[in-house]
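A.B. asks:
Residue numbers (my numbering), protein chains in the order written: chain L, 8 to 122; chain H, 44 to 153.
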């Protein structure tokens with residue numbers, strides 16, 4: 008069974024530029040999560056989708072971050088414009104059910120560096 | 044808001060030693076407690092999941108315990124190996140969210 012795929016693996020941009028990350032969850036998984044992991048910290052949930060609807064985006068900085076999950080499969084996370092403090096690893100995870108109690112499977116992450 | 048703390052932040056042990064990683068959480072109203080492993084440049088791998096009604100879970104050389112009343116969980120690793128070197132994260136599961144600790148970076152010295 009293929010795991011969660013993410014691209015790109017690494018991205019370096021200058022502040023005020025835009026960037027987009029892509030995630031392909033495990034086939035058949037209804038729920039998709041985006042996490043932000045700043046160096047030395049644990050992952051923090053940014054947004055949770057169930058199919059193509061948003062379940063929780065309370066910690067998403069909506070003035071600069073946006074995410075979508077068209078057709079309930081792949082998802083993209085965008086930052087526009089980026090700030091220095093956005094430097095982090097962005098992790099995508101998926102699970103077969105909607106409850107956070109179910110096992111989440113994580114992708115390898117995208118490491119973003121904002122200069 | 045749930046806060047999860049892991050102590051120590053880093054740990055180095057010689058190969059073959061048994062070791063314990065600690066995790067504490069402030070809100071005991073959790074659904075479960077999970078332990079993850081994170082290798083450099085890779086995502087998280089789930090190691091053990093303890094339901095709120097359980098006291099412990101075991102998988103191979105790993106044993107995780109949960110004491111909800113005191114807000115604590117421990118991960119015990121027996122007979123450590125260099126391949127166990129990684130960052131270990133615990134996460135307390137709430138109604139709609141996982142709250143992660145900051146992790147313990149483990150180095151097992153051959």
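Heads up, the beta-carbon is just placed ideally off N, CA and C, and yes, glycines get one too.
Verify the CB distance criterion: does residue 106 (chain H) have a CB-CB separation below 8 Å to chain L?
C.D. replies: no
A.B. asks: Here's the rule I'm using: 16 or more other beta-carbon atoms within 10 Å means buried, otherwise exposed. How should residue 82 (chain H) be labelled?
C.D. replies: exposed
A.B. asks: Going along chain L, which residues have a C-beta under 7 Å from residue 143 (chain H)?
C.D. replies: 49, 50
A.B. asks: Just to make sure I have the definition right: I need the residues of chain L whose C-beta is within less than 7 Å of the C-beta of residue 109 (chain H). Which are they?
C.D. replies: Within chain L, no residue comes near residue 109 (chain H); the closest Cβ sits about 14 Å away, beyond 7 Å.
A.B. asks: List the residues of chain L whose Cβ lies closer than 8 Å to the Cβ of residue 65 (chain H), in chain order.
C.D. replies: Within chain L, no residue comes near residue 65 (chain H); the closest Cβ sits about 15 Å away, beyond 8 Å.
A.B. asks: Which of helix, strand or coil does DSSP assign to residue 57 (chain H)?
C.D. replies: strand
A.B. asks: Which runs of the beta strand (DSSP E) fall wholly inside the stretch 83-122 of chain L and span at least 3 residues, in chain order?
C.D. replies: 95-102, 117-121
A.B. asks: Take the Cβ of residue 135 (chain H) as the centre, count every other Cβ of all protein chains shown within 10 Å, and call the residue buried at 16 or more, exposed below.
C.D. replies: buried
A.B. asks: Looking at chain H, is there any beta carbon in it that lies within less than 8 Å of the beta carbon of residue 53 (chain L)?
C.D. replies: Output row for residue 53 (chain L): interface = no.
A.B. asks: Do we get a CB-CB distance below 8 Å when we pair residue 233 (chain H) with the residues of chain L?
C.D. replies: Examination of residue 233 (chain H) is not possible in this model, given that chain H is present from 44 through 153 alone.
A.B. asks: Would you list, in chain order, the members of the stretch 65-98 of chain L that have their beta-carbon closer than 8 Å to a beta-carbon of chain H?
C.D. replies: 98
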